[in-house]
Amino acid sequence: MNLDTIFYEAQQAFLTYKNLSATKKADFLEKIAELLEANRGAIVLMACKESNLPEGRINGELGRTIGQIKLFANLVREGSWVEATIDPADPNRAPLPKADIRRMLTPLGPVVVFGASNFPLAFSTAGGDTISALAAGCPVIYKGHPAHPDTSKFVGQCISQALEKSELPAGVFTHVEGGVKMGQDLVKHPLAKAVGFTGSFSAGKSLFNIAGNREVPIPVYAEMGSVNPIFTFSQRLANELVPLAQSFVSSLTLGAGQFCTNPGLIFVPKSLSDRFSNAISEAITGVSPAPMLHEGIADSYYKALTELQLRSELNWVKVPDAKHLINASPALAEISVQDWLSDDQFQEEVFGSFAMMVVYDSEADLIAVANKLHGQLTVTLWADTPELQAHGELINLLEEKCGRLLFKGVPTGVEVGYAMQHGGPYPSTTDSRSTSVGAYAIKRFARPIAFQDMPQELLPDALQDGNPLGIMRLVNGEFKK
Ligand code: NAP
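Structure follows, in C-alpha cells:
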C-alpha cells in the first residue's frame with residue numbers, strides 16, 4: 057500500500073472511530089491487551105532475541121505494556137478525560153442574552169507514531185504513544201523500529217486482530233516499515249494530524265522541524281532523552297553514603313543504561329567526593345559488561361566515550377572496558393563544577409551506562425548549575441528535609457528545568473499511572489506541556505471544540521443536559537457529575 061492509500065484509509069476509519077462509544081473503544085483496547093497476554097510466550101521470545109534484553113526484563117515490559125493498555129481502557133470507560141465544560145445559556149441576561157456554550161476534547165485525526173529501540177514493547181507498537189492515540193479516538197500509522205522488526209510486526213498483527221474482532225475498520229491501525237525517508241514522508245503527509253516519537257535528539261528535532269515547515273504545521277511530541285541529574289547534599293550523603301552509591305550504580309547500569317531516565321549526571325559535595333567516588337568505584341567493579349540493543353547503539357556509546365577521554369577536564373573513576381561485540385561496560389568520570397559549567401558538551405547525553413560526577417563546593421555553585429542546566433525529564437534531590445528547606449532557591453530553579461522532581465529513590469523505573477509526568481522542558485522533549493507516560497498522554501492527541509447553541513439532541517453525550525455518561529463536568533464553574 058502506498059502512503060496516500062494508507063492515510064486515506066486511516067482518515068476514512070477516523071470518521072467512524074472518533075464517534076465510537078467509550079465502552080466499545082475500551083473493549084477494543086482490552087482486546088489488544090488480551091491478545092498480547094495470549095501471545096506472551098511468542099512475543100517474549102521474539103523481543104529477547106531482537107533486543108538482547110533478558111527474559112525477565114522483557115516479561116516485565118510486556119506486563120507494563122498490558123497494564124498501560126488497561127489504564128487507558130479504564131480512563132476511556134470512565135469518560136471524564138474529555139474535560140466536558142458547560143456554560144448554560146441565559147436568555148434574560150442584560151444587555152445581551154448569553155449563548156449556550158459547551159466545550160470538550162475531540163480526537164485530532166490520524167497520528168504518526170515512531171517506535172523506540174530501547175523499549176521494544178512499552179514504547180513501541182502497542183506502547184504508550186499508540187495506545188494513548190487510539191484511546192483518544194485517533195487512528196495510528198505506526199513506523200516500526202528496525203531494531204526489532206519481527207516483534208513489531210507481530211504486535212501490530214495483534215492490534216489488527218483486535219480491530220477485526222471488534223468489527224472496527226482496519227484503517228484504525230497500520231504498521232509500516234522503512235528508513236529515514238519513510239519517517240519524513242509520514243510526517244509530511246497532509247492527512248497526518250500529530251506525531252509521537254521517542255528516540256535521539258537529532259531525529260526528534262528534525263521531525264519537529266519538518267512538521268513545523270508543513271503547509272499545515274502539526275504538533276510533534278518527541279521525547280528525546282535527558283541526563284537526569286541527581287543532586288546530593290552532605291548530611292544525607294554522609295548518613296547513607298554506601299547505600300546511595302550502590303543505588304546510583306544500580307540505576308546507572310540497569311538495562312546497560314539504555315533508559316531515557318538513566319542518571320548520567322550526579323552532583324556531589326567536595327567534602328565527600330573522594331569517599332563517594334570510592335564507594336561508586338567499588339559498586340561498579342562488580343558490574344559485568346552487558347549487551348546493548350544493537351551494534352549502532354554500542355558504537356555510538358564507545359564513540360562518545362572515546363571523545364570524552366580526550367578531555368583533560370575529566371578524571372576517570374571507571375574507564376570503560378574495551379568494546380567486545382555489542383557488549384558495553386559502565387564508565388564514570390569526575391569533573392569540577394567550574395569545568396562542567398564551562399562547556400555545554402558536558403551536558404550531552406551519552407546513551408548507555410556512563411555518568412559524570414560533578415564536584416561542587418557551595419550553594420552558589422549549585423545555583424549556577426541550575427541556571428545553566430538544560431531541560432530534563434527528571435531531577436533528583438538526595439537531601440534531608442532541613443537541607444531541602446535550606447535550598448529553597450535551588451529547588452525553585454530546578455522545578456523550571458524538569459518534568460519530574462524526585463526526593464527519594466532513582467529516576468529509572470517510571471511508574472505508569474494517572475499522575476505520572478514523563479516529559480520535560482526542551483531539549484528533553486519538544487513540548488513540555490505533554491507527557492508520554494501515564495493517563496495524561498491521551499491529551500496530546502485531542503483538541504478542544506466548543507458547540508454554541510447546539511440543539512440538545514445533536515450534542516455529544518458528554519455535553520447533554522442529563523449527563524447520560526455520568527462523567528465529571530464543569531457546569532457553570534462548578535465540578536459535578
Ligand atoms: P533514532 O536514531 O532517533 O531513530 C528513531 C526512529 O526515528 C527510527 O525509526 C528512525 O528510522 C527514525 N529516524 C532517525 N532519524 C530520522 C530522521 N532524520 N528523520 C526521520 N526519521 C528518522 O533512535 P535509535 O535508533 O533508537 O537510537 C539511536 C540513538 O537514539 C541512541 O544512541 C540514543 O542516543 C537515542 N535514544 C534515545 C532514547 C530516549 O529515551 N530518548 C531512546 C532510544 C534511543 P530508521 O532507524 O528506520 O532509520
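All letters in the sequence shown, in the order written, are residues 57 to 537 by the working numbering. Quick reminder that beta carbons are idealized off the backbone N, C-alpha and C, glycines included.
Is the closest heavy atom of ligand 1 to the C-beta of residue i under 7 Å?
i: glutamine 68; result: no
i: methionine 280; result: yes
i: isoleucine 353; result: yes
i: valine 232; result: no
i: phenylalanine 264; result: no
i: proline 202; result: yes
i: serine 405; result: At residue 405 the sequence reads glutamate, which differs from the serine that was named. Yes - ligand 1 has a heavy atom lying nearer than 7 Å to the Cβ of glutamate 405.
i: glutamine 512; result: no
i: serine 356; result: yes
i: valine 236; result: yes
i: cysteine 316; result: yes
i: serine 173; result: yes
i: phenylalanine 170; result: yes
i: glycine 239; result: yes
i: glycine 480; result: no
i: serine 329; result: no
According to DSSP, what are the bridge partners of residue i?
i: arginine 367; result: Bridge partners of arginine 367: none, in fact.
i: tryptophan 438; result: Thr288
i: valine 168; result: Ile197 and Val251
i: methionine 412; result: Leu321 and Ala389
i: threonine 485; result: Glu279
i: phenylalanine 551; result: Nothing can be reported for residue 551: it is not among the residues displayed for the chain, which extend from 57 to 537.
Which residues bound the beta strand (DSSP E) around residue i?
i: serine 18; result: Residue numbering for the chain in the displayed model covers 57 to 537; residue 18 lies beyond these limits and cannot be assessed.
i: glycine 565; result: In the structure as shown, the chain starts at 57 and stops at 537, and residue 565 therefore has no counterpart that could be examined.
i: serine 392; result: 387 to 392
i: arginine 529; result: 529 to 531
My assumption, with CB atoms under 8 Å, is that residue i sits in contact with residue j. Please give the rounded CB distance.
i: valine 232; j: phenylalanine 253; result: Going by Cβ atoms, the distance from valine 232 to phenylalanine 253 rounds to 15 Å, so no, they are not a contact pair.
i: valine 373; j: valine 425; result: So it is not a contact: roughly 20 Å between Cβ atoms.
i: lysine 379; j: tyrosine 358; result: 5 Å
i: alanine 518; j: glycine 135; result: 7 Å
i: alanine 191; j: valine 272; result: With a Cβ gap of about 24 Å, alanine 191 and valine 272 do not count as contacting.
i: alanine 539; j: proline 163; result: Missing from the structure shown is residue 539; the chain here goes from 57 to 537 and no further.
i: tryptophan 438; j: leucine 293; result: 7 Å
i: threonine 207; j: proline 176; result: 5 Å
i: leucine 429; j: serine 484; result: Contact flag wrong, Cβ pair sits at about 11 Å.
i: proline 147; j: threonine 317; result: Contact flag wrong, Cβ pair sits at about 54 Å.
Name the two residues that bound the continuous alpha helix (DSSP H) containing residue i.
i: isoleucine 505; result: Not the alpha helix (DSSP H): isoleucine 505 falls in the beta strand (DSSP E), residues 502 to 508.
i: phenylalanine 332; result: 326 to 341
i: arginine 120; result: 111 to 134
i: phenylalanine 70; result: 59 to 73
i: arginine 96; result: 96 to 107
i: alanine 189; result: 184 to 192
i: aspartate 421; result: 419 to 428
i: aspartate 241; result: 236 to 244
How about residue i and residue j: are their beta carbons less than 8 Å apart?
i: glycine 459; j: glycine 480; result: yes
i: leucine 444; j: leucine 454; result: no
i: methionine 348; j: glycine 408; result: yes
i: valine 228; j: leucine 219; result: yes
i: leucine 542; j: phenylalanine 410; result: In this structure the chain extends from 57 to 537, so residue 542 is not present and cannot be described.
i: proline 319; j: serine 307; result: yes
i: asparagine 452; j: proline 144; result: no
Would you say residue i reaches chain C, if we count a Cβ-Cβ gap shorter than 8 Å as a contact?
i: leucine 454; result: Checking the listed chains, one finds no chain C in this structure; it contains a single protein chain.
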